[in-house]
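Peer 1: Plus 207 on top of the position in the sequence shown (first one is 1) and you've got this note's numbering. The beta-carbon is built from N, C-alpha and C at its ideal position, and this holds for glycine as well.
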Amino acid sequence: MIRWLANLEIGMPGKFNLIATTLRGQEPLGVASLTSILSELNDPDPKVEITEIHGVITAHTSLDPFHVIERIREMATREPWKVSGLMRVIPVERVVETKLERIAEAAESLKGRIPPEETYKVVVEKRHTQLSSREIIEAVASKIDRKVNLERPDWIVLIEVLGGLTGVSVLKPDQVLSLVKV
208 MIRWLANLEI GMPGKFNLIA TTLRGQEPLG VASLTSILSE LNDPDPKVEI
258 TEIHGVITAH TSLDPFHVIE RIREMATREP WKVSGLMRVI PVERVVETKL
308 ERIAEAAESL KGRIPPEETY KVVVEKRHTQ LSSREIIEAV ASKIDRKVNL
358 ERPDWIVLIE VLGGLTGVSV LKPDQVLSLV KV
């Protein structure tokens, strides 16, 4: 395992469908845990990388990222040592360049997942960007013709800005896994 960690690349990968957060300085442990978990779930070639942002790692798995979240939740209650170093794990459906129009287009492409009679809210987590949360929320909300509920939404349109790349997901509130709460 030590040899594998020596080959770790630090960067901002363009292809990912999971974002995980760690304590600052615990990124290598988070990478090792998430790689091990994905391998145990039968991903033949998981790609897990440390980003240029402290406390953030990304992963690309051939598995359904929503299914991965559920399996990690189960592991955290049965075998908590397997999730060492991980704080949150988030499924990502689209990765786009961090530009308002690209983010809004990605959200619009996913809005069909929200039934017309259900509600949503936009949540922005941003790191290393000059874009304001307000302008991101306004751009995204302008593309989604559903009712907004800021208190108890049925769905969350999650915008994860990681510098030059942004992950966009439409998910139920319980589909962001917080291992601090498990």
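Could you check what DSSP says for ILE279 in three-state terms: helix, strand or coil?
Peer 2: helix
Peer 1: Go to SER243, then tell me how far its alpha helix (DSSP H) extends in each direction, as first and last residue.
Peer 2: Residues 234 to 247.
Peer 1: As an exercise, report each continuous beta strand (DSSP E) stretch of at least 3 residues that is fully enclosed by the segment 279 to 362, in chain order.
Peer 2: 295 to 298, 301 to 304, 326 to 334
Peer 1: According to the Cβ coordinates, are ILE363 and ALA314 closer than 8 Å?
Peer 2: Between ILE363 and ALA314, the CB-CB gap reaches or exceeds 8 Å.
Peer 1: Assess contact between the segment 247 to 263 and the segment 364 to 382, defined as three or more Cβ pairs (one per stretch) separated by less than 8 Å. Is contact present?
Peer 2: yes
Peer 1: Who does HIS267 pair with in a DSSP beta bridge?
Peer 2: LYS254, per the DSSP bridge assignment.
Peer 1: Give the straight-line distance between the Cα atoms of LEU386 and LEU293, rounded to the nearest whole angstrom.
Peer 2: 7 Å
Peer 1: Count the other C-beta atoms from every protein chain shown that fall within 10 angstroms of the C-beta of ASN224, then say buried if there are 16 or more, exposed otherwise.
Peer 2: In the assembly as shown, ASN224 is a buried residue. Its beta-carbon has 16 or more other beta-carbons within 10 Å.
Peer 1: Whole angstroms are fine: how far does the CA of GLU342 sit from the CA of ARG280?
Peer 2: 33 Å
Peer 1: To the nearest angstrom, how far is the alpha carbon of VAL375 from that of ILE297?
Peer 2: 10 Å
Peer 1: Are the CB atoms of VAL238 and VAL255 nearer to each other than 8 Å?
Peer 2: Cβ distance < 8 Å, so VAL238 and VAL255 count as in contact.
Peer 1: So, using beta-carbon positions, are LEU395 and LEU357 closer together than 8 Å?
Peer 2: The structure shown has nothing for residue 395, since the chain only spans 208 to 389.
Peer 1: Taking only beta-carbon positions, decide if ILE297 is within less than 8 Å of chain D.
Peer 2: Of the protein chains in this structure there is only one, and it is not chain D.
Peer 1: Is LEU215 buried or exposed, if buried means 16 or more other CB atoms sit within 10 Å of its CB?
Peer 2: Low per-residue confidence applies at LEU215: pLDDT is 37, beneath 50, and the placement is therefore not dependable, though the value from the model is reported in the following sentence. With fewer than 16 other Cβ atoms within 10 Å, it is exposed.
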